[in-house]
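Student: Chains as they are written, first to last, in the working numbering: chain A, 1 to 323; chain B, 324 to 627.
Once you've had a glance at the structure underneath, I'll fire off some questions.
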Amino acid sequence: MSTATGRATGLIDRLYATFESPRRQMLLMIAIVFVMAILPLIMGRYTTTIMTNALLYVVLALGLNIVVGYAGLLDLGYAAFFAVGAYSIGILTAQFDWNFWLAIPPALIAACIAGVIIGGPTLRLRSDYLAIVTLGFGEIVRFSARNLEITGRASGLSNIPEPSLFGYVIDSYVDFYYVFLLLAVCAVIASHRLYHSRLGRAWLYVRHDEDAAEAMGINRVRVKLAAYVTGSVFGAIGGIFFSVNLGAISPESFSFEQSVLILMAVILGGMGKIPGVILGAFIIILGPELLRDLGELRLLLFAVIMLLIMLLRPSGIWPERRN
Amino acid sequence: MPAFETFLQAIVNGLVLGSFYALIALGYTMIFGVIKLLNFAHGDVYMVGAFVGFGVLSLISGVVGAGWFGLSIAILVSMIAVGCLGVIIQRVAYQPMLSAPRLSILITALAVSLVLQNSALSLTDGKYTAFRTDLGFGGFEFGRLFISHQAIVLVAIAALLMIALELFVSRTMYGRAMRAVSIDKDMCRLLGINVTRVVAITFLIGSGLAAAAGTMAGAYYGSIWYFMGFLIGLKAFTAAVIGGIGSITGAMLGGLILGLLESFGTLVPFIGSEWKDVFTFSILILVLVFKPTGLLGKSEVERM
Numbered sequence: 001m002s003t004a005t006g007r008a009t010g011l012i013d014r015l016y017a018t019f020e021s022p023r024r025q026m027l028l029m030i031a032i033v034f035v036m037a038i039l040p041l042i043m044g045r046y047t048t049t050i051m052t053n054a055l056l057y058v059v060l061a062l063g064l065n066i067v068v069g070y071a072g073l074l075d076l077g078y079a080a081f082f083a084v085g086a087y088s089i090g091i092l093t094a095q096f097d098w099n100f101w102l103a104i105p106p107a108l109i110a111a112c113i114a115g116v117i118i119g120g121p122t123l124r125l126r127s128d129y130l131a132i133v134t135l136g137f138g139e140i141v142r143f144s145a146r147n148l149e150i151t152g153r154a155s156g157l158s159n160i161p162e163p164s165l166f167g168y169v170i171d172s173y174v175d176f177y178y179v180f181l182l183l184a185v186c187a188v189i190a191s192h193r194l195y196h197s198r199l200g201r202a203w204l205y206v207r208h209d210e211d212a213a214e215a216m217g218i219n220r221v222r223v224k225l226a227a228y229v230t231g232s233v234f235g236a237i238g239g240i241f242f243s244v245n246l247g248a249i250s251p252e253s254f255s256f257e258q259s260v261l262i263l264m265a266v267i268l269g270g271m272g273k274i275p276g277v278i279l280g281a282f283i284i285i286l287g288p289e290l291l292r293d294l295g296e297l298r299l300l301l302f303a304v305i306m307l308l309i310m311l312l313r314p315s316g317i318w319p320e321r322r323n
Numbered sequence: 324m325p326a327f328e329t330f331l332q333a334i335v336n337g338l339v340l341g342s343f344y345a346l347i348a349l350g351y352t353m354i355f356g357v358i359k360l361l362n363f364a365h366g367d368v369y370m371v372g373a374f375v376g377f378g379v380l381s382l383i384s385g386v387v388g389a390g391w392f393g394l395s396i397a398i399l400v401s402m403i404a405v406g407c408l409g410v411i412i413q414r415v416a417y418q419p420m421l422s423a424p425r426l427s428i429l430i431t432a433l434a435v436s437l438v439l440q441n442s443a444l445s446l447t448d449g450k451y452t453a454f455r456t457d458l459g460f461g462g463f464e465f466g467r468l469f470i471s472h473q474a475i476v477l478v479a480i481a482a483l484l485m486i487a488l489e490l491f492v493s494r495t496m497y498g499r500a501m502r503a504v505s506i507d508k509d510m511c512r513l514l515g516i517n518v519t520r521v522v523a524i525t526f527l528i529g530s531g532l533a534a535a536a537g538t539m540a541g542a543y544y545g546s547i548w549y550f551m552g553f554l555i556g557l558k559a560f561t562a563a564v565i566g567g568i569g570s571i572t573g574a575m576l577g578g579l580i581l582g583l584l585e586s587f588g589t590l591v592p593f594i595g596s597e598w599k600d601v602f603t604f605s606i607l608i609l610v611l612v613f614k615p616t617g618l619l620g621k622s623e624v625e626r627m
């Protein structure tokens with residue numbers, strides 16, 4: 001590596017080191033949330049909508065981060081969990097006229113079941129097989145959504161009603177911005193708590209050395225399953241609010257490309273590191289907006305960046321550091 | 324008896340589909356054998372092969388026509404060019420990652436796949452490209468059963484390539500080295516085998532076979548597009564797993580089995596063509612979960 005890039009990396013590392021202490025990180029987070037909270041007052045509708053989307057991706061990326069970053073399991077079908085949440089809410093509220101809030105628990109249970117179905121029998125597989133199985137599972141969910149009557153076939157579901165809370169109907173774009181901001185903050189707090197929990201340490205251990213973890217009395221299948229189920233709950237929550245925000249969903253929202261985009265957010269930012277993953281989610285959503293003139297080349301650009309990151313800085317832009 | 328003819332037709336269709344799967348599955352299995360990498364980009368290498376074959380055929384069709392002779396040249400050139408591309412991919416993307424954690428190299432392979440796919444997307448604007456040939460529509464008719472000349476020749480070419488590969492692997496020095504590397508890389512290095520070169524040759528052959536399949540599939544189905552490698556790549560991987568990943572005979576067998584299964588699957592009224600892919604993926608998941616070593620694979624202990 002040339003001295004110039006070496007110096008630049010050193011500088012960036014020092015910048016990260018400044019934010020290494022938990023207190024500073026906390027302050028930074030509060031500052032960011034504060035800025036985010038007043039953003040819709042300044043920004044127009046267009047920017048606010050994009051930021052809402054970015055916040056959705058923060059939730060999704062943090063969820064996938066639990067599976068990939070914490071537990072070290074490559075999941076290429078994460079959009080399936082997102083789809084399960086979105087379709088459960090869509091079917092219950094639009095087809096069966098359920099109240100939105102009452103429909104959330106069944107949607108989350110459905111996501112947990114999906115997590116167990118995909119996780120349960122496959123977690124003993126080698127890592128690359130696991131990746132393929134999750135990919136296959138994601139495609140099965142999408143094809144099923146496209147072929148089944150209850151999911152509205154290829155055209156999907158529409159007329160998903162807006163939720164109301166104590167008589168206040170959540171319907172404007174600003175309302176949804178705040179809903180997603182709240183979700184993102186909750187996701188960050190939950191991820192942080194999980195990371196420092198007993199389970200979080202078990203994930204770390206399993207990721208680094210599965211056999212040693214097993215020898216130390218960690219039930220690796222149960223621990224990995226916990227990662228899948230937690231990740232699927234994050235994904236389903238994202239899906240639930242995604243579907244009521246748009247009011248309509250179709251199978252193509254949950255394609256393999258979606259799974260890859262979420263994975264890219266996790267990898268770009270740095271697997272396992274919460275601020276890194278948040279940064280990655282924002283880059284994934286805001287990057288294409290800034291590069292709109294490039295058209296289809298921007299996807300190529302993203303793919304090249306992803307490749308370069310893996311080759312040059314495999315731990316991401318803001319990598320994890322843990323002693 | 325129409326039912327019997329439908330049955331035979333399904334066999335014919337399954338064989339054509341199966342030989343495409345088999346050619347791609349061979350690449351997966353060989354590359355997996357030497358560097359234990361699931362090459363996610365392999366389906367996209369197949370796609371690039373189809374585009375290169377198409378490009379070559381359009382260039383030379385003015386001189387030699389777009390018949391069987393022209394197509395053979397297109398297949399050959401595409402095999403060589405895309406084989407070299409495979410070697411470049413291996414050198415640039417996979418070689419530096421060989422000692423990295425498994426997760427990193429898998430993601431790198433995924434990134435390579437996306438780079439190839441999106442390059443093709445930008446170059447073609449995501450549109451289907453018509454792959455025109457003058458192969459004719461002749462064939463043999465037995466009542467309602469129809470076997471086109473195209474199907475016969477393509478299956479024959481696929482069979483020839485597979486026999487050549489089998490001979491290469493079992494009879495030549497590099498074939499023997501390849502088998503040795505897949506068993507114990509470090510030992511091979513100690514014994515003076517140029518492992519890097521063996522790996523390069525494996526990528527050359529694997530990618531070349533995928534390119535042949537791509538060009539042939541383009542000519543057979545009449546159109547190509549940037550996303551054509553995704554689904555078939557997954558299915559060929561399924562084929563490789565069914566046969567037992569790492570086993571060359573297994574990949575051929577798995578390809579044919581999957582082609583036939585799919586072709587018969589569409590006949591079952593409950594499955595139908597719209598559930599065809601769900602059917603294939605279910606097979607994949609069932610095989611991976613219950614018999615991950617496949618039909619001919621060896622079991623191995625892995626630390627993830």
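For each residue, glycine too, the CB sits at the ideal point set by N, CA and C.
Note that the coordinates shown come from a computational prediction; the quantities given were computed from them, not determined experimentally.
Within its chain, find whatever has a CB closer than 6 Å to the CB of A:T151; leave out the 5 residues flanking it on each side and keep chain order.
Tutor: Position 151 of the first sequence, counted from the first residue, corresponds to residue 151 of chain A. Answer for A:T151: Y87 and A145, listed in chain order.
Student: Which class does B:G462 belong to by DSSP, given the choice of helix, strand or coil?
Tutor: Position 139 of the second sequence, counting from 1, holds the residue named residue 462 of chain B. Here B:G462 sits in strand by DSSP.
Student: Could you check where the alpha helix (DSSP H) with A:L194 kicks off and where it finishes?
Tutor: Here residue 194 of chain A is taken as the residue at index 194 of the first sequence, counted from 1. Membership of A:L194 in the alpha helix (DSSP H) is indicated by the continuous run Y173 to Y195.
Student: Scan the region 118-133 of chain A for residues whose Cβ lies nearer than 7 Å to a Cβ of chain B and list them as they occur along the chain.
Tutor: Residues of the region 118-133 of chain A whose Cβ lies closer than 7 Å to any Cβ of chain B, in chain order: P121, T122, L125, R126, S127, D128, Y129, A131, I132 and V133.
Student: Determine the direct distance from the alpha carbon of B:M420 to that of B:V335, and round the result to whole angstroms.
Tutor: The residue you call residue 335 of chain B lines up with position 12 of the second sequence. The residue you call residue 420 of chain B lines up with position 97 of the second sequence. If you take the alpha carbons of B:V335 and B:M420, they lie about 42 Å apart.
Student: Please determine if the region 355-375 of chain B and the region 495-510 of chain B are in contact, where contact requires at least 3 C-beta pairs separated by less than 8 Å.
Tutor: yes
Student: Under DSSP, the alpha helix (DSSP H) around A:L39 begins and ends at which residues?
Tutor: Against the first sequence, residue 39 of chain A aligns to sequence position 39. First-last of the alpha helix (DSSP H) with A:L39: P22 to I42.
Student: Taking the alpha helix (DSSP H) that A:I285 falls in, what are its first and last residues?
Tutor: On the first sequence, residue 285 of chain A is found 285 positions in, with the first residue counted as 1. For A:I285, the uninterrupted alpha helix (DSSP H) run begins and ends at I274 to L290, by DSSP.
Student: Chain A partners of B:G449, CB-CB under 8 Å?
Tutor: Position 126 of the second sequence, counting from 1, holds the residue named residue 449 of chain B. Per Cβ cutoff of 8 Å: E296.
Student: CA-CA distance, B:V371 and B:G537?
Tutor: Walking along the second sequence from the start, residue 371 of chain B turns up at place 48. Walking along the second sequence from the start, residue 537 of chain B turns up at place 214. Approximately 8 Å, taken between the alpha carbons.
Student: Residues in the region 516-549 of chain B with C-beta within 9 Å of chain A's C-beta atoms, listed in sequence order?
Tutor: none
Student: Is B:T431 close to chain A? Criterion is C-beta to C-beta, closer than 8 Å.
Tutor: Position 108 of the second sequence holds residue 431 of chain B. It does; some Cβ of chain A falls within 8 Å.
Student: If the cut is a Cβ gap below 9 Å, which residues of chain B does A:I324 touch?
Tutor: Shown here, chain A extends from 1 to 323; a query on residue 324 of chain A therefore has no answer.
Student: If you draw a straight line from the alpha carbon of B:I608 to that of A:T18, how long is it in whole angstroms?
Tutor: Position 285 of the second sequence, counted from the start, is the residue given in the question as residue 608 of chain B. Position 18 of the first sequence, counted from the start, is the residue given in the question as residue 18 of chain A. Computed Cα separation, rounded: 46 Å.
Student: Counting only beta-carbon atoms, is A:M310 nearer than 8 Å to chain B?
Tutor: As a working note, residue 310 of chain A is residue 310 in the first sequence. Answer yes: the Cβ-Cβ gap between A:M310 and chain B drops below 8 Å somewhere.
Student: When you compare the CB of B:F560 with every CB in chain A, is at least one pair closer than 8 Å?
Tutor: Position 237 of the second sequence, counting from 1, holds the residue named residue 560 of chain B. B:F560 counts as touching chain A.
Student: Is there a C-beta anywhere in chain A that falls below 8 Å from the one on B:N336?
Tutor: On the second sequence, residue 336 of chain B is found 13 positions in, with the first residue counted as 1. No, no contact with chain A.
Student: Which residues does DSSP list as the beta-bridge partners of B:I470?
Tutor: Numbered from its first residue, the second sequence carries residue 470 of chain B at position 147. B:F463.
Student: Candidates B:I506, B:A563 and B:S493: which alpha carbon is nearest A:Y129's?
Tutor: Against the first sequence, residue 129 of chain A aligns to sequence position 129. Answer by Cα proximity: B:A563.
Student: Taking 8 Å as the threshold (beta carbon to beta carbon), is A:N147 in contact with chain B?
Tutor: Taking the first sequence and counting its residues from 1, the one referred to as residue 147 of chain A is at position 147. Yes, A:N147 counts as interfacial toward chain B.
Student: For A:L199, decide whether its Cβ has a neighbour in chain B, counting only Cβ atoms nearer than 8 Å.
Tutor: For this step, residue 199 of chain A is matched to residue 199 along the first sequence. It does not; no Cβ of chain B falls within 8 Å.
Student: Applying the 10 Å Cβ sphere with the 16-neighbour rule, what's the burial state of A:S158?
Tutor: The residue you call residue 158 of chain A lines up with position 158 of the first sequence. Classification of A:S158: exposed, given that the 10 Å Cβ count is below 16.
Student: Over the uninterrupted alpha helix (DSSP H) stretch that includes B:M575, give me the two end residues.
Tutor: As a first step, residue 575 of chain B must be located in the second sequence, where it is residue number 252. Run containing B:M575: I571 to G588, per the alpha helix (DSSP H) assignment.
Student: Going along chain B, which residues have a C-beta under 7 Å from A:P288?
Tutor: Here the question's residue 288 of chain A lines up with position 288 in the first sequence. Chain B residues near A:P288: none, gap ~13 Å exceeds 7 Å.
Student: Who are B:L618's beta bridge partners in DSSP?
Tutor: As a position in the second sequence, residue 618 of chain B is number 295, starting the count at 1. Checking the DSSP bridge columns, you'll see B:L618 has no partner listed.
Student: By how many angstroms is the C-alpha of B:V438 removed from the C-alpha of A:A227?
Tutor: Counting from 1 along the first sequence, the entry for residue 227 of chain A is found at position 227. Counting from 1 along the second sequence, the entry for residue 438 of chain B is found at position 115. Cα to Cα, the separation comes out at about 30 Å.
Student: Excluding the 5 residues flanking A:M1 on each side, which residues of the same chain have their C-beta closer than 7 Å to its C-beta?
Tutor: Mapped onto the first sequence, residue 1 of chain A falls at position 1. Because A:M1 carries a pLDDT of 40, less than 50, the predicted location of this residue cannot be relied on, and no value is offered for it.
Student: Should A:G136 be flagged as near chain B, meaning a C-beta pair shorter than 8 Å?
Tutor: Mapped onto the first sequence, residue 136 of chain A falls at position 136. Chain B contact via Cβ: present.
Student: Quick one: list the residues of chain A neighbouring B:E597, beta-carbon separation under 7 Å, in chain order.
Tutor: Position 274 of the second sequence, counting from 1, holds the residue named residue 597 of chain B. Chain-ordered, the chain A residues with CB closer than 7 Å to the CB of B:E597 read N147.
Student: Please state if the CB of B:G531 and the CB of B:I396 are separated by a distance shorter than 8 Å.
Tutor: As a first step, residue 396 of chain B must be located in the second sequence, where it is residue number 73. As a first step, residue 531 of chain B must be located in the second sequence, where it is residue number 208. In this structure, B:G531 does not lie closer than 8 Å to B:I396 by Cβ.
Student: List the residues of chain B that A:G72 touches, going by C-beta distances under 7 Å, in chain order.
Tutor: For the purposes of this step, residue 72 of chain A is taken as residue 72 along the first sequence, with counting starting at 1. By Cβ distance, chain B contributes L426.
Student: Could you tell me whether the Cβ atoms of B:A542 and B:L458 are closer together than 8 Å?
Tutor: Position 219 of the second sequence, counting from 1, holds the residue named residue 542 of chain B. Position 135 of the second sequence, counting from 1, holds the residue named residue 458 of chain B. The answer is yes: Cβ separation under 8 Å.
Student: Check this for me: beta carbons of A:G85 and A:I240, under 8 Å apart or not?
Tutor: Taking the first sequence and counting its residues from 1, one reaches residue 85 of chain A at position 85. Taking the first sequence and counting its residues from 1, one reaches residue 240 of chain A at position 240. Going by C-beta atoms, A:G85 is nearer than 8 Å to A:I240.
Student: Which one or two residues does DSSP pair with B:A453 in a beta bridge?
Tutor: Residue 453 of chain B sits at position 130 when you count from the first residue of the second sequence. Answer is B:S546.
Student: When you compare the CB positions of B:G350 and B:S586, do they come within less than 8 Å of one another, or not?
Tutor: Residue 350 of chain B sits at position 27 when you count from the first residue of the second sequence. Residue 586 of chain B sits at position 263 when you count from the first residue of the second sequence. Not closer than 8 Å, so no.
Student: Quick one: what's A:S259 bridged to in DSSP?
Tutor: Counting from one through the first sequence, the residue named residue 259 of chain A turns up at place 259. Beta-bridge pairing links A:S259 to no other residue.
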